[in-house]
Amino acid sequence: MGAALATTLVSGQDLLKDSPASDWRALDPENTLYAELPAGRVVIELAPSYAPVNVDAIRKLVRDRYFDGSFVIRAQDNYVVQWARPEDDPRAKAMAGVKSKPEFARPMDAKLPFTRLAYADTYAPEVGFSSGFPVAPDPKRKETWLVHCYGSVGVGRDNAADSGNGSELYAVIGQSPRNLDRNITLVGRVVQGIELFSVMPRGKAAMGFYEKPSEWIAIRAIRVSADVPAAERTNLEALRTESATFKAWVASRANRREEWFKEPVGRVGVCNVPLPVRAASR
1054 MGAALATTLV
1064 SGQDLLKDSP
1074 ASDWRALDPE
1084 NTLYAELPAG
1094 RVVIELAPSY
1104 APVNVDAIRK
1114 LVRDRYFDGS
1124 FVIRAQDNYV
1134 VQWARPEDDP
1144 RAKAMAGVKS
1154 KPEFARPMDA
1164 KLPFTRLAYA
1174 DTYAPEVGFS
1184 SGFPVAPDPK
1194 RKETWLVHCY
1204 GSVGVGRDNA
1214 ADSGNGSELY
1224 AVIGQSPRNL
1234 DRNITLVGRV
1244 VQGIELFSVM
1254 PRGKAAMGFY
1264 EKPSEWIAIR
1274 AIRVSADVPA
1284 AERTNLEALR
1294 TESATFKAWV
1304 ASRANRREEW
1314 FKEPVGRVGV
1324 CNVPLPVRAA
1334 SR
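Spelled out as structure tokens, the structure:
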């Protein structure tokens, strides 16, 4: 089915509409976060297979209500938004000396699903997708890592590799800053609501930080989906990146066949293949 759809595709939406239900997976509530902003909800899927220590730390902070009343303190144009508690906040001070294991990459594991992208990449010998996340394996180094794409979520840190602890997080809102790969721990990606971050006013201070606390944007709360009453959850399902439909989706992105496109490019970058996500079927 996948190859046939790829050659006859009119639009990507037609491809997804005709896909079998088995090619989709529900987001795991234990690995899904809801960030409640004044403008609405941002849904983040965590990647414990690639950053288990940091994901566990973030879940604990969320369950301790650490991020309730935190703020977006930085919005750097074409780069990232970053959120944290104010530096003079007692809980932030308590976290200042806490360190966490850097998880910039992990050993390759044949048990992890991997759908290789057939096209060359500038930053890694191979790229592809694993359980919905863009990844880059290096067979010679025998390691693999999450890559920075639009919507990726990571752990802020200082110069020391272990200085990130999950109390400051960021999301990519601009072009893919792949030079950050293997230099900082990625823990997941925004699967719904990235536009709420990407339209935030840009900070005027260095690196896009807001100059005054009055400019900070409140985060009302962050919750683990599993802790939210069922009726209040945002139930989503994502296309399985090891499915035939996803392979056809990649082909459709490399060779756009919609009427507007006049010249199929014949290739696509790993960060230019958005993960299809939709409301879960009841």
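Take the sequence shown: its position 259, counting from 1, is numbered 1312 in my numbering, and each next residue is one higher. Yeah, the Cβ is synthetic: ideal placement off N, Cα and C, and Gly gets one too.
DSSP places L1068 inside the alpha helix (DSSP H), whose first and last residues are G1065 to K1070.
When DSSP reads this structure, R1331 sits in a beta bridge with E1290. Non-local beta-carbon contacts of S1153 in its own chain, meaning distances under 7 angstroms to residues more than five positions away in sequence, involve V1106, N1107, A1110, D1215, G1217, N1218 and G1219 in chain order. The DSSP-derived three-state label of T1168 is strand.
Close CB contacts of R1144 within its chain, under the 7 angstroms cut and outside five residues either way in sequence, are with Y1119 and R1138 (chain order). With 16 or more other Cβ atoms inside 10 Å of its own Cβ, F1250 counts as buried. A1158 is a Cβ neighbour of R1235, given a cutoff of 8 angstroms. Secondary structure of A1149 (DSSP, three-state): coil.
For I1111, the enclosing alpha helix (DSSP H) begins and ends at P1105 to R1116.
For L1249, the enclosing alpha helix (DSSP H) starts and ends at I1247 to S1251.
In this structure, the CA atom of L1069 is about 21 angstroms from the CA atom of P1166. The Cβ atoms of V1133 and Y1223 lie closer than 8 angstroms to each other. The alpha-carbon separation between N1084 and S1102 amounts to approximately 11 angstroms. For S1267, the secondary structure class from DSSP, reduced to helix, strand or coil, is helix. Inclusion of V1096 and M1253 in the CB contact set at 8 angstroms is not warranted, their separation being larger than that value. With fewer than 16 other Cβ atoms inside 10 Å of its own Cβ, W1313 counts as exposed.
When the Cα atoms are used, P1329 and V1244 turn out to be separated by approximately 9 angstroms. Per DSSP, the beta bridge partners of P1187 are F1182. Q1135 counts as buried, since no fewer than 16 other beta carbons sit within 10 angstroms of its beta carbon. As the crow flies, the alpha-carbon of T1197 is around 21 angstroms from that of F1299. In the three-state DSSP reduction, G1261 falls in the helix class (H, G or I). Selection T1287, L1170, P1282 and G1122 evaluated against A1271 yields G1122 as nearest (Cα-Cα). Annotation for G1256: R1127, A1128, F1262 and Y1263 place their beta carbon closer than 6 angstroms to its own, counting only its chain and skipping 5 residues before and after. Excluding sequence positions up to five before and after L1233, its CB lies within less than 8 angstroms of the CB of H1201 and G1207, all in the same chain and listed in chain order. Sequence-distant Cβ neighbours of P1178 in its own chain, meaning closer than 6 angstroms and more than five residues away, are D1191. Here T1175 carries a coil assignment [DSSP, helix/strand/coil].
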